[in-house]
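Enquirer: Mapping to my numbering: the sequence shown position 123 is 525, numbers consecutive. C-beta: ideal position from N, C-alpha, C; glycine also. Here's a structure for you.
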Amino acid sequence: MGFGVFLLEKPKTFSTMMIMEFRIMIHPEQQGRICCLCQQGDKVRYSFRHVFIVAGHFPRTFNCCCIVEYIKNDPGYICTGELSMRVLLVYLAWMCSSVGLFKKKGTTRIVDYTNLEDMKCAVGQGHGEKSTLEMVRCTNMEKARQGKAGILLWMRRPITSESGLGSGSVYIYIGLSNGNPAWPPLCKESERRALLMFKQDLNDPANRLSSWVAEEDSDCCSWTGVVCDHMTGHIHELHLNNPDTYFDFQSSFGGKINPSLLSLKHLNFLDLSYNNFNGTQIPSFFGSMTSLTHLNLAYSLFDGVIPHTLGNLSSLRYLNLHSYGLYGSNLKVENLQWISGLSLLKHLHLSYVNLSKASDWLQVTNMLPSLVELHMSFCHLHQIPPLPTPNFTSLVVLDLSGNSFNSLMLRWVFSLKNLVSILLGDCGFQGPIPSISQNITSLKVIDLAFNSISLDPIPKWLFNQKDLALDLEGNDLTGLPSSIQNMTGLIALYLGSNEFNSTILEWLYSLNNLESLDLSHNALRGEISSSIGNLKSLRHFDLSSNSISGRIPMSLGNISSLEQLDISVNQFNGTFTEVIELADPWFQFRCASLLD
């Protein structure tokens, strides 16, 4: 539950205004937002300092931040940054029987109204102009708790600033709401009806939309999953994703998607992810919802051909059509030409969508200049068309894992200077990692697992990477070049499921920035060197399924950062208990389960 403070229209007698926004804490674990509009005379300057609020008997003092301001005839007077409000003291005690404001000398009057329309009308007629202080209160507290009532504070009295200047008026509307701003304005009636029609066609086994009711006084801006613009009342966002993302279809929506959503002309965010639409097609009318900037239909068991009409959503910044790899989902496309019109798109997720017929996939995505993330894993892609000039230079994440390219590594991929994550695992790539002339230092993740990558030679640009995670699992590597020890920026090195068939290379222990090291399933033999203790930052160490023998070095127990350790299926002598007893107490606590 939170407070929402809203502005009535500016009286004609005042020509300047200043809008300020600040947050209040009405309970130790809850917070709301208040906006106030201070309307001032042309020659008046105010120095607001502190606002004290008592709400539910939890007094709080806080600062406010000026977000919009304009002082007519005095452009030199600009207040910026955080303002401390000293003048205005507002006492709110919603659970008490009385509400007071500025209990000082002067004419003060409280007028009660049972609905906000009457209250707004009274204020609009200039009610109370002769009073030094006027407060209008809506007394229906049940409606107040529903976000449909509140308090209007109207003040016209001298206010002394630090410079001793002038007087003016302040209008503040304070409403109580449940997560959404209170009146004004309420949800638009046409949009409320559209949501009710949409609900009728949905299957809702968990009754997640129980707040969506047809009662006349039910404000759809307070309904579950609905977000309205706090100034216009139009619905801007629908958060209808299944909150349980672990394939719990008992709480998933299903059924049909009613085209009544087309009535939401101002909707820019629609999330229907993790639901169960049981093989139905993505509605083609989504392509007419041109105000959308964010569309998330991921993991919702849509099926069939993705409608090309989605290409009409020219305002889209985020499009997620990630399909299931399980449950027989068969979302597919005939081509991707329709994406070429989404020039503002930053995030594109098409993983597990069948793109086998989309031979134009690279040319089309290369035409998206704003693209930041491209996810096309397990999309049945079999070829990479030539790409003479990469245009998606804003790309930060590239995920093409799980496709069957069966080719040499892509040189152009490693020339994208803004890339942070390259995910190319299980793609059938062969040969060495390309050498490039550019000085790239932004990479943090390189996943080349389950390919046939050669490390001879290691390109020099890899030595310049800081905080890098490198995954070379399952590449049939028979050895490691010693030059890897020059990659001092490595924080994670995954070498599991290769074919080393040797002892653990001593120089691996010199990579003292490593946080994760995986050497599992490699037919490694010999002993663990006591130099393992040099890896002071190590958090995850997997040495399982090898033929390591001998005693476990006590230095391993002194790595206090260690969180996960797997040394199972080896041939160690002695007991791990001896190391635990000598180890750092924090390490002993985290590894106690290994003694079972």
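Which residues does DSSP list as the beta-bridge partners of N756?
Expert: Position 354 of the sequence shown, counted from the start, is the residue given in the question as residue 756. DSSP output for N756 lists K734 as bridge partner(s).
Enquirer: Pull up the distance between the alpha-carbon of H638 and that of L747, whole angstroms please.
Expert: Within the sequence shown, the letter at position 236 stands for residue 638. Within the sequence shown, the letter at position 345 stands for residue 747. Straight-line Cα distance between these residues: approximately 19 Å.
Enquirer: Could you check how far apart the C-beta atoms of E901 and L879 are, in whole angstroms? I think they sit under 8 Å.
Expert: By 1-based counting over the sequence shown, the position of residue 901 is 499. By 1-based counting over the sequence shown, the position of residue 879 is 477. Yes, E901 and L879 are in contact; Cβ-Cβ is about 7 Å, under 8 Å.
Enquirer: What's the gap between the Cα of I824 and the Cα of D801?
Expert: Reading the sequence shown from its first residue, position 422 is the one you call residue 824. Reading the sequence shown from its first residue, position 399 is the one you call residue 801. The straight-line gap from Cα to Cα measures roughly 6 Å.
Enquirer: Return the CA-CA distance between G608 and F655, expressed in angstroms with no decimal places.
Expert: As a first step, residue 608 must be located in the sequence shown, where it is residue number 206. As a first step, residue 655 must be located in the sequence shown, where it is residue number 253. It is worth fixing the name first, because residue 608 is Ala in this sequence and not Gly. Spanning the two alpha carbons is a distance of roughly 8 Å.
Enquirer: Would you call the segment 806-818 and the segment 783-795 in contact, with 3 or more CB pairs under 8 Å?
Expert: Yes, the segment 806-818 is in contact with the segment 783-795.
Enquirer: Tell me S799's beta-bridge partners as DSSP assigns them.
Expert: To locate residue 799, count along the sequence shown from 1; it is residue 397. With the sequence shown as reference, residue 799 is identified as Val, and Ser is not the correct amino acid for it. According to DSSP, V799 bridges with E775, S823.
Enquirer: Is it true that the CB of L895 sits closer than 7 Å to the CB of Q867?
Expert: Along the sequence shown, one-based indexing puts residue 867 at 465. Along the sequence shown, one-based indexing puts residue 895 at 493. Against a cut-off of 7 Å, the Cβ pair of L895 and Q867 comes out as no contact.
Enquirer: Shortest alpha-carbon distance to A616 belongs to which of D849, S717, S592?
Expert: Indexing the sequence shown from 1 puts residue 616 at position 214. Of the listed residues, the one whose Cα sits closest to A616 is S592.
Enquirer: Would you mind reading off the limits of the alpha helix (DSSP H) that contains S593?
Expert: Walking along the sequence shown from the start, residue 593 turns up at place 191. It is Glu, not Ser, that sits at residue 593 in the sequence shown. Its alpha helix (DSSP H) spans residues 591-602.
Enquirer: Give a yes or no on contact between the segment 815-833 and the segment 753-767, applying the rule of three or more CB pairs nearer than 8 Å.
Expert: No, the segment 815-833 is not in contact with the segment 753-767.
Enquirer: Would you say P883 and I860 are within 7 Å of each other, going by their C-beta atoms?
Expert: Walking along the sequence shown from the start, residue 883 turns up at place 481. Walking along the sequence shown from the start, residue 860 turns up at place 458. The answer is yes: Cβ separation under 7 Å.
Enquirer: Is the beta carbon of G369 less than 7 Å from the beta carbon of F852?
Expert: There is no way to answer for residue 369, as the model of the chain reaches only from 403 to 998.
Enquirer: Could you pull the start and end residues of the alpha helix (DSSP H) that V766 belongs to?
Expert: In the sequence shown, residue 766 corresponds to position 364, counting from 1. Here the alpha helix (DSSP H) through V766 covers 763-767.
Enquirer: CA-CA distance, V822 and W614?
Expert: If you number the sequence shown from 1, residue 822 lands on position 420. If you number the sequence shown from 1, residue 614 lands on position 212. Approximately 43 Å between the Cα atoms of the pair.
Enquirer: Since F688 and L666 are thought to touch, with beta carbons under 8 Å apart, how far apart are those beta carbons, to the nearest angstrom?
Expert: To locate residue 688, count along the sequence shown from 1; it is residue 286. To locate residue 666, count along the sequence shown from 1; it is residue 264. So it is not a contact: roughly 12 Å between Cβ atoms.
Enquirer: By the three-class DSSP mapping on this structure, what secondary structure does N866 have?
Expert: Against the sequence shown, residue 866 aligns to sequence position 464. Three-state result, N866: helix.
Enquirer: Counting pairs of beta carbons, one from the segment 746-763 and one from the segment 713-728, are three or more of them closer than 8 Å?
Expert: Cβ pair count under 8 Å is three or more, so yes.
Enquirer: Taking 7 Å as the threshold (C-beta atoms), are L870 and L897 in contact?
Expert: Numbered from 1 along the sequence shown, position 495 holds the residue referred to as residue 897. Numbered from 1 along the sequence shown, position 468 holds the residue referred to as residue 870. Taking 7 Å as the Cβ cut-off, L897 and L870 do not qualify as a contacting pair.
Enquirer: With H, G and I counted as helix, E and B as strand and the rest as coil, what does DSSP make of T905?
Expert: Indexing the sequence shown from 1 puts residue 905 at position 503. It is a strand residue.
Enquirer: Measuring only the C-alpha atoms, how far is I741 from I855?
Expert: Taking the first residue of the sequence shown as 1, we reach residue 741 at position 339. Taking the first residue of the sequence shown as 1, we reach residue 855 at position 453. Going by the C-alpha atoms only, they are around 33 Å apart.
Enquirer: Nearest CA to the CA of L850: which residue from N841, G830, E908?
Expert: Position 448 of the sequence shown holds residue 850. That would be G830, whose Cα lies nearest to the Cα of L850.
Enquirer: If you draw a straight line from the alpha carbon of F978 to that of I954, how long is it in whole angstroms?
Expert: Here residue 978 corresponds to residue number 576 of the sequence shown, with the count starting at 1. Here residue 954 corresponds to residue number 552 of the sequence shown, with the count starting at 1. Cα to Cα, the separation comes out at about 7 Å.
Enquirer: When the Cα of N714 is compared with those of G881, T791, A596, L697, which residue comes out closest?
Expert: As a working mapping, residue 714 is identified with position 312 in the sequence shown. Considering only alpha carbons, the answer is L697.
Enquirer: DSSP puts C630 in a beta bridge; with which residues?
Expert: For the purposes of this step, residue 630 is taken as the residue at position 228 of the sequence shown. Answer is I637, bridged to C630.
Enquirer: Any idea what DSSP makes of L697, helix, strand or coil?
Expert: Translated into positions along the sequence shown, residue 697 becomes position 295. Of the three classes helix, strand and coil, the one that applies to L697 here is strand, per DSSP.
Enquirer: Looking at the structure shown, is S662 part of a helix, part of a strand, or coil, going by DSSP?
Expert: In the sequence shown, the residue the question calls residue 662 occupies position 260. The answer is helix: DSSP assigns S662 an H, G or I state.
Enquirer: For M599 and S662, which I take to be in contact (beta-carbon distance under 8 Å), what is that distance rounded to the nearest angstrom?
Expert: Against the sequence shown, residue 599 aligns to sequence position 197. Against the sequence shown, residue 662 aligns to sequence position 260. Right, their Cβ atoms sit about 4 Å apart.
Enquirer: Short check: CB of L672 to CB of L703, under 7 Å?
Expert: The residue given as residue 672 occupies position 270 in the sequence shown. The residue given as residue 703 occupies position 301 in the sequence shown. No; because the gap between Cβ atoms is not below 7 Å, this pair is not in contact.
Enquirer: Quick one: Cα of I906 to Cα of M889, how far?
Expert: Start at 1 with the first residue of the sequence shown, and residue 906 comes out as number 504. Start at 1 with the first residue of the sequence shown, and residue 889 comes out as number 487. Those two C-alpha atoms are separated by around 18 Å.
Enquirer: In angstroms with no decimal places, state the Cα-to-Cα distance between L1032 and S939.
Expert: This structure cannot settle anything about residue 1032, because the visible part of the chain is limited to 403 through 998.
Enquirer: Note the first and the last residue of the continuous beta strand (DSSP E) segment covering V615.
Expert: Walking along the sequence shown from the start, residue 615 turns up at place 213. First-last for V615: undefined, no H or E at that position.
Enquirer: Put Y720 into one of helix, strand or coil per three-state DSSP.
Expert: Residue mapping note: residue 720 aligns to position 318 of the sequence shown, counting from 1. Strand.
Enquirer: Out of Y911, D646, R594, which one is the CA nearest neighbour of L669?
Expert: Indexing the sequence shown from 1 puts residue 669 at position 267. For L669, the nearest C-alpha among the options comes from R594.
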